[in-house]
């Protein structure tokens, strides 16, 4: 059996699902913009919406998707919720993908 076949067979359904969901998350331009913003700092929903010129509802929806995948985390300060990235591996993939695309 080749190494490639062995690696494929070792992927369980949960791992396959999580990997596909991660790429689904990175397949959306709005989510890419949000994750890119959160690479180096935490921001409130309002700050993300203002920076990206998006409505707060859309940003909240995208953040919920990212939070469910554990790609972002949040903390509450009074009535304000601040988001930051929660997966250094995915941030590395994102940064490498941006770098790759920039070299064309």
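Residue numbers (the UniProt record's numbering): 1 to 104.
Even glycine gets a Cβ: it sits at the ideal position worked out from N, Cα and C.
In this text, all values refer to a predicted model and were calculated from it rather than measured experimentally.
CB of residue i within 8 Å of CB of residue j, strictly
| i | j | result |
| --- | --- | --- |
| residue 94 | residue 21 | no |
| residue 45 | residue 26 | no |
| residue 66 | residue 35 | yes |
| residue 39 | residue 91 | yes |
Cβ-based burial, residue i [other Cβ within 10 Å; buried from 16]
| i | result |
| --- | --- |
| residue 2 | Confidence in residue 2 is poor, its pLDDT being 49 and thus under 50, which makes the residue's placement too unreliable to answer from. |
| residue 71 | buried |
| residue 75 | exposed |
Element boundaries [beta strand (DSSP E), containing residue i]
| i | result |
| --- | --- |
| residue 41 | Per DSSP, residue 41 belongs to no beta strand (DSSP E) and is neither H nor E. |
| residue 75 | 72 to 77 |
| residue 10 | From DSSP, residue 10 is part of no beta strand (DSSP E); its letter is neither H nor E. |
Extent of the continuous alpha helix (DSSP H) to which residue i belongs
| i | result |
| --- | --- |
| residue 20 | 13 to 26 |
| residue 61 | 56 to 68 |
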